[in-house]
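When you read off a place in the sequence shown, starting at 1, and then add 954, the result is the number in the working numbering. Where a beta carbon is used, it is the ideal one built from N, C-alpha and C, also for glycine. First comes the structure, then the notes that go with it.
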Amino acid sequence: MNRLIKGTCTDISSEGKGVVKNNKDIIFCDGLFPGETADIEILYSRAGVYFGKVRKLYNLSKDRIEPRCKVCSVCGGCQYQQLKYEAQLVYKTKRVKDALNRIAHIKDIKVNDCIGMDDPYNYRNKIQMPFGKDKKGRVVYGFYKENSHEIIPVKECHIEDKRAASILWDIKELIREFNISIYNEDTGKGILRYVLIRTSYHYPELMVVLVTSNFNFPGQRNFINALLKKHPEITTIVENVNSRHTNVILGEKESVLYGSGFIKDSILGLTFEISASSFYQVNPIQVEKLYQKALDLVDPKEDKLVLDAYSGVGTIGLIASKNAEHVISVELNKNAHKNAINNAKLNKISNIEFFNDDAGKFISGYDKKLDVVIMDPPRKGSDKTFLQTLIDKKIKKIIYVSCDPETLARDIEYLLPYYSLEYIQPVDMFPMSNHVETVVSLRLKERL
Ligand code: SAH
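Right under this line is the structure:
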């Protein structure tokens, strides 16, 4: 194929890239939307498809808008900042439908419209920024450019909680003032690697996590006092040490430098403690809509014993326990499991039991009759052991909460010979990105 081609975008891929067909070739292109024609430079090919970049745009989609963020086309975090929000929702619904069609081979299925936000900006309650140096040696923070380790400086990210921007800016100023060294990925020298901020939506609480390469942070006390003076809204500060050469942000060791080491937030009337490393849904407004849709599928009359699998800090199970007779929760991560037990105490809930185990291993060895299984696995989806056990045990109803339509469709395909798919509801937990969360329910077919 030529290095430069002219083509028209006909669709959006599951990764949020514009799809252009050129004879038999398929080209994926960032920031190009259906209906738009462009000159595209072909950058590389992988697995039989091409990836390109817009060089000249001939016409604009009616759904295109001026993005609030000036670096959205290089940062890679927000594939859809340049699209009207209504159009984003349409593409998210379509992504779920396409995945079920393509991967699970389900045709003509009703997928409800994706539930959006009234104000789709400044929702994220977890902000994590790498710190580094630019070519001139100045301290910068921001996002890694897609597929690289170059930091794109970002002063204000429009999807994050508004409180984060000025704290990050002042941390950068204090780093200069206190002469704190920045970690260098190549040499492994230097102290500060990342700053993570977690905000509470319902309580006036905010956590700052300083991710460092070791515990020898010179002048740490003075640095923290100066930060707290500028930002009294910070209620706790944690140091997390990550000495490994890795992309994973947080390390294993932690020390609480100020406050309790956690913040509280609430979902549908229950309170949860969140520590630096806990998994917690990033959109505090949409999570209530998501969980409500999942819980509406639990029938208090017939669903007496509920399993909450992949339960994190226990959020879904604890909320479900208000309507169920008894809930069993299973989670692999030790810290999340401990948080979950604590969260039950905090909310004075006693009709729930927590198990720290692999979900598949646990359910295959569990001998009581479960009425409904709610499952919310990570992006890679569930596994054969877990799914096969659902089939073998003839679980009547499955409520699957998924953050990845493609792995959801793969798992549904596995269940389909035995289950009918009854309900599919996408919820937009991540406005401006191509990601979408989905709640589905499946019911065991009678004849079995
Ligand atoms: N339901 C929770 C957490 C969902 S995230 C919420 O909405 O907040 C998915 C969770 O699955 C994570 O907490 C992760 O630690 C857990 N997990 C990953 N693999 C697992 C496995 N094999 N067995 C059990 N839990 C697992």
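Check: GLY1271, enclosing alpha helix (DSSP H) - first and last residue; Outcome: 1269-1274
Check: Contact test: LEU1286 Cβ vs ligand 1 heavy atom, cutoff 7 Å; Outcome: yes
Check: Pick from ASP1017, LEU1054, ARG1117 and THR1339 that is closest to GLN1042, judged by C-alpha positions; Outcome: ASP1017
Check: Burial state of MET955, where buried means 16 or more other Cβ atoms lie within 10 Å; Outcome: exposed
Check: Any non-hydrogen atom of ligand 1 within 7 Å of PHE1384 CB; Outcome: no
Check: Reduced DSSP category for LYS1051 - H, G, I as helix; E, B as strand; rest coil; Outcome: helix
Check: Proximal residues to ILE1345 (C-beta, below 6 Å), its chain only, five neighbours per side dropped; Outcome: TYR1372
Check: Sequence-distant residues of its chain with Cβ nearer than 7 Å to VAL1093 (five each side left out); Outcome: PHE1085, LYS1087, LYS1126, ILE1129, ARG1130 and ILE1136
Check: Pairwise C-alpha distance: ILE980 and ILE1328; Outcome: 38 Å
Check: PHE1005 CB to nearest heavy atom of ligand 1 below 7 Å; Outcome: no
Check: Given 8 Å, three or more beta-carbon pairs between the region 1248-1264 and the region 1321-1336; Outcome: yes
Check: Own chain partners of VAL1050 with C-beta closer than 6 Å, once the 5 adjacent residues on each side are dropped; Outcome: VAL1065, PRO1359, PRO1380 and THR1392
Check: Uninterrupted alpha helix (DSSP H) stretches inside the region 1334-1398 (no shorter than 4 residues); Outcome: 1338-1346 and 1359-1369
Check: Check: THR1269 C-beta below 7 Å from any heavy atom of ligand 1; Outcome: yes
Check: Cβ distance (whole Å) where CYS1023 is taken to contact LEU986 below 8 Å; Outcome: The Cβ separation is near 18 Å, so there is no contact.
Check: Heavy atom of ligand 1 within 7 Å of GLY1403 beta-carbon; Outcome: For the chain, the structure presents residues 955 to 1402; residue 1403 sits outside this window and is missing.
Check: Where SER1318 falls: helix, strand or coil (DSSP); Outcome: helix
Check: Residue of TRP1123, SER1209, TYR1155 and ASN1293 minimising C-alpha distance to LEU1164; Outcome: SER1209
Check: Distance between PRO1385 and ILE1063 (C-alpha atoms, nearest Å); Outcome: 24 Å
Check: Whole-angstrom distance between TYR1320 and VAL1267, CA atom to CA atom; Outcome: 21 Å
Check: Within 8 Å, strictly: CB atoms of TYR998 and SER1387; Outcome: no
Check: Coil, strand or helix - PHE987 by DSSP; Outcome: coil
Check: Short Cβ contact (8 Å threshold) for LYS1046 with CYS1026; Outcome: no
Check: Cβ-Cβ separation, CYS1029 to LYS1007 (assumed contact under 8 Å), whole Å; Outcome: With 8 Å as the limit, LYS1007 and CYS1029 do not qualify as a contact, their Cβ atoms being about 15 Å apart.
Check: Distance between GLU969 and LEU1370 (C-alpha atoms, nearest Å); Outcome: 26 Å
Check: Cβ-based burial, VAL1003 [other Cβ within 10 Å; buried from 16]; Outcome: exposed
Check: Cβ-heavy atom distance, TYR1234 to ligand 1, below 7 Å; Outcome: yes
Check: Bridge partner(s) assigned by DSSP for GLN1082; Outcome: LEU1150
Check: TYR1234 vs ILE1270 beta-carbon contact at 8 Å; Outcome: no
Check: Close-in-space but distant-in-sequence residues of the same chain around HIS1291 (CB under 7 Å, 5 per side omitted); Outcome: GLU1285, PHE1308 and ASN1310
Check: Unbroken stretches of the beta strand (DSSP E), 3 residues or longer, contained in the region 1156-1198; Outcome: 1160-1166 and 1190-1195
Check: Alpha-carbon to alpha-carbon, ASN1287 and LEU1341; Outcome: 20 Å
Check: Pairwise C-alpha distance: LYS1038 and GLY972; Outcome: 15 Å
Check: Assigned exposure category for ASP1052 - 16 Cβ within 10 Å defines buried; Outcome: buried
Check: Local conformation of SER999 per DSSP, three classes; Outcome: strand
Check: Cβ-Cβ separation, SER1154 to LYS1218 (assumed contact under 8 Å), whole Å; Outcome: 6 Å
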